[in-house]
Amino acid sequence: MPVNIFKRCGGRVATSTRKEHCLPGFRGEAASATKWWLIYIMLTTSTTAAFVLLPFHSTTLLSTSNIQRTHNHNFFDLQSTLGLSRRQHQQPSPNQDRYQKPKRSSSAGKPLKSRNAAKVIEVNKKIVALGKQQKWKDILILYQQEKNVFNNVNFATTISQISRIRSVQRSDPLFQQFMEDLSSRLETNGIEWMGTRGFANIIHALGKMKLKSLSAGKILNFASKSSIDKDLILERNPQGLANIAWAFAKLDIKAPNFFNTMEEEAEWMVKEGNPQDTANTAWAFAKLDTEATNFFNAIEEQAEWLVKEGSPQATANTAWAFARLDIKATHFFNEIEDKAEWLVKEGSPQAAANTAWAFAKLDIKAPNFFNAIEEQADWLVREGNPQNIANTAWAFAKLDTKAPRLFNAIEKQAEWLVKEGNPQDTSNTAWACAKLDMKAPNFFNAIEKQAERLVKKGGPQNIANTAWGFAKLDINAPNFFSNIEKQAEWLVKEGNPQDTANTAWAFAKLDTEATNFFNAIEEQADWLVKEGSPQATANTAWAFARLDIKATHFFNEIEDKAEWLVKEGSPQAAANTAWAFAKLDIKAPNFFNAIEEQADWLVREGNPQNIANTAWAFAKLDIKAPNFFNAIEERAEWLVKEGNQQEVANIAWALAKLDIKAPSLFNAIEDQAEWLKEEGSKDTANHAWSFARLDIMAPS
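According to this note's numbering, the stretch in the sequence shown is residues 4 to 703, in order.
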């Protein structure tokens, strides 16, 4: 058996290249005292290598005949056959002194007794071999046959192998029996029997399987209340900590004590761990919505190294975590932008999608990164799944970044994307197409064909976003909207006010009748107006008015909350709601008084369309509004210059209808006489009527 002794290099052991992580004490072969060597043992029965840190005198010869050969490359086997515990061969850390007292367990568990060693190793080989063949049932049968000799190593190897097999039936009696036995052994013997590293691997396996059985719950509860976090820190094992954190997050277990320790040791975790450990831990904090200021600050400080040394997937997961917790990490995201081309080319579609999502969620422009995705668009759509593609499309749209190649590739794969994607994926892609005004007939036709499934299985938000996409692009979809109408009562009750408003807006924009849907809104009027934003309320009111549906209850609720809606809403929301009242000829003194009180703000902050619609509403309902129209007069020149023909005509009509003199506005119109003549339509007639009504000489 060949044994190669590697000399100390200038780089970090394993994945890191930072000098502070190199093993101390190496100076070639000149040293004469006890040294630390990295022994690379190539087992003749396998192609995989195992690494062991072994202290021995420079003159001592290591006999390879004492090393057991095994297919299982579990660290426990090697150290047990070598007769060493983790404590014996671990180089102490300079900062380890504060953790010296709690020597509860070793990472490897108790060493094997010599009389059982051969049998245990033989069993482990069989477990690994069966695992490679995906024979989970045979592994469990083997356990039943050999359970009397099963030790910590065998238990850890069994759960590790089974967790990699997707076809495992968790309800199988043999599997349940194994889990109960594992739980009992851990409860009886404690972590010391298994060893911290083995215990961490077990927790990781439970997370990987998303196992929430009673026996798994006992193990996880034991883990959350144990001192394994301190033990792993004592043993300088960031990977073990990261694996446990990942498992807790995967199983939605908060484990406050564990994560508090992680936060306390944040600087050490990030400096000593590799980029994958850091990414897994960051992902766990974010998945559990757990604040971790120290941890994410430490990542930001090490941003350059983490992005440079980390894989695209690790970088993507860390970026996702920052975005999920709404933490802008300038340094970290700048590093991603600098290495954009490499990250996209070398990463997977999922990594590219998650990183793009993070940039968009944090509203960070990243031209290099998004250009790199656009260049790889065909590959991303061909190799990615519907979720990857939807998240990427959403990110481009959120940042208002055009991506013709990406959306062309989506259009080519439209039928597959809609058929294989879930309703959320489909709705995100539809929303992105509409937001960027990208016509995608194949994609929307595919949605129309799958309408019944998408509406039945989708949530109210998915349905609303898809409906909004159809309406925004002026695409009629009778199948899709008729299915919404069938589910109207459920959609309004289960959706939030924004979902309801978007769906109502879509029906109205496409002039599609929806009696059931709007009746359901009327029944839920009190709740919708109370809980909805001013914009959602305005959009729903606009939809009622557009379809000429008088909704007494809904508009009464608006009138009751008029002051709040105007003060908290935007000029657009106020204008659309005012327009709806006027269109349906509904008097609303509270609402229009609230607008009059906020007149200066509305005219100053609103655009010409908002102002024109509000003016039209006052005039239509014959309501004098001196503050509002004085504010218009003060901004007359700007309004005429920036507004279009219809907007200017509507303002002029409103002034004339209410018999309000506005010399500045009409002088501004006269100055734009040539522009007015170019239109030559109903708007010009409205101008002429307004001039005549106010006895003003119209421009020739």
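Beta carbons: idealized from backbone N, C-alpha and C, even for Gly.
{"Item": "Is the number of C-beta pairs between the segment 416-426 and the segment 374-393 that are closer than 8 Å three or more?", "Value": "yes"}
{"Item": "So what does DSSP say about N1, is it helix, strand or coil?", "Value": "Residue 1 falls outside the range modelled here, since the chain spans only 4 to 703, and no answer is possible."}
{"Item": "Per DSSP, what kind of secondary structure is R15 in: helix, strand or coil?", "Value": "The pLDDT assigned to R15 is 33, lower than 50, so where the model puts this residue is not dependable; a value taken from the coordinates is nonetheless given after this. Residue state, collapsed to three classes: coil."}
{"Item": "If you check the beta carbons only, do V273 and Q305 fall under 8 Å apart?", "Value": "yes"}
{"Item": "Rounded to the nearest angstrom, what separates M212 and Y146 at their Cα positions?", "Value": "19 Å"}
{"Item": "Our contact map puts E525 next to A554 with C-beta atoms below 8 Å; I'd like the distance itself, whole angstroms only.", "Value": "5 Å"}
{"Item": "Just the Cα atoms here: how many angstroms apart are L457 and E418?", "Value": "14 Å"}
{"Item": "Express the C-alpha separation of K460 and S536 in angstroms, rounding to a whole number.", "Value": "27 Å"}
{"Item": "So N204 and S163 are supposed to be a Cβ contact under 8 Å. How far apart are they, rounded?", "Value": "6 Å"}
{"Item": "Pick helix, strand or coil for F153, following the three-state DSSP scheme.", "Value": "coil"}
{"Item": "With DSSP collapsed to three states, give me the class of E195.", "Value": "helix"}
{"Item": "Compare the C-alpha of F3 against each of A577, K215, I168 and W582 and name the closest.", "Value": "There is no way to answer for residue 3, as the model of the chain reaches only from 4 to 703."}
{"Item": "How big is the Cα-Cα spacing for K116 and W139?", "Value": "Reliability of the predicted coordinates at K116 is poor, the pLDDT of 49 falling under 50, and the value obtained from them is presented with this limitation in mind. Spanning the two alpha carbons is a distance of roughly 28 Å."}
{"Item": "Starting from Q379, follow the alpha helix (DSSP H) in both directions and report where the run begins and ends.", "Value": "First-last for Q379: undefined, no H or E at that position."}
{"Item": "Would you kindly check if the distance between the Cβ of A282 and the Cβ of G243 is under 8 Å?", "Value": "no"}
{"Item": "Count the other CB atoms within 10 Å of the CB of R200; is the residue buried (16 or more) or exposed (fewer)?", "Value": "buried"}
{"Item": "Along the alpha helix (DSSP H) that carries Q427, what are the first and last residues, could you check?", "Value": "P426 to K438"}
{"Item": "Taking the continuous alpha helix (DSSP H) assigned at G472, which residues delimit it?", "Value": "P463 to K475"}
{"Item": "With a threshold of 8 Å, are at least 3 pairs of Cβ atoms found where one atom belongs to the segment 439-449 and the other to the segment 484-497?", "Value": "no"}
{"Item": "Helix, strand or coil for T264, going by three-state DSSP, please let me know.", "Value": "helix"}
{"Item": "Which residue marks the beginning of the alpha helix (DSSP H) containing L658, and which one marks its end?", "Value": "Q648 to K660"}
{"Item": "In the structure shown, what three-state DSSP assignment does A332 receive?", "Value": "coil"}
{"Item": "Which of helix, strand or coil does DSSP assign to Q172?", "Value": "coil"}
{"Item": "What do you get for R169, buried or exposed, if any count of 16 or more other CB atoms within 10 angstroms of its CB means buried?", "Value": "exposed"}
{"Item": "Quick one: grab the DSSP three-state call for N479.", "Value": "coil"}
{"Item": "Where does K586 fall in DSSP's three states?", "Value": "helix"}
{"Item": "Quick check: I302 and T321, are their CB atoms within less than 8 Å of each other?", "Value": "yes"}
{"Item": "Skipping 5 residues on each side, what residues in its chain have a beta carbon closer than 6 Å to that of L658?", "Value": "A665"}
{"Item": "Is R107 helix, strand or coil when you go by DSSP?", "Value": "Its pLDDT being 38, under 50, R107 is placed unreliably by the model, and nothing is read from it."}
{"Item": "With a CB to CB cut of under 6 Å and the five nearest residues on each side skipped, what residues in its chain are close to F325?", "Value": "A332"}
{"Item": "Within this structure, are the beta carbons of V152 and N119 separated by less than 8 Å?", "Value": "yes"}
{"Item": "Could you pull out every residue in the same chain whose Cβ sits closer than 6 Å to the Cβ of F543, ignoring the five residues on either side in sequence?", "Value": "First, the amino acid is wrong: residue 543 is Thr here, not Phe. Cβ neighbours of T543 beyond the five flanking positions: A504 and A507."}
{"Item": "Should I635 be labelled buried (16 or more other beta-carbon atoms within 10 Å of its own) or exposed?", "Value": "buried"}
{"Item": "Can you give me the C-alpha to C-alpha distance between F704 and P500, rounded to a whole angstrom?", "Value": "Given that the chain is displayed from residue 4 to residue 703, the structure contains no residue 704 and the question cannot be resolved."}
{"Item": "Note down the Cα distance separating W692 from K660, rounded to an integer number of angstroms.", "Value": "Summary for W692: the model assigns pLDDT 49, below 50, so the residue's position carries little reliability; its value from the coordinates is reported in the next sentence. Their backbone Cα atoms lie some 10 Å apart in a straight line."}
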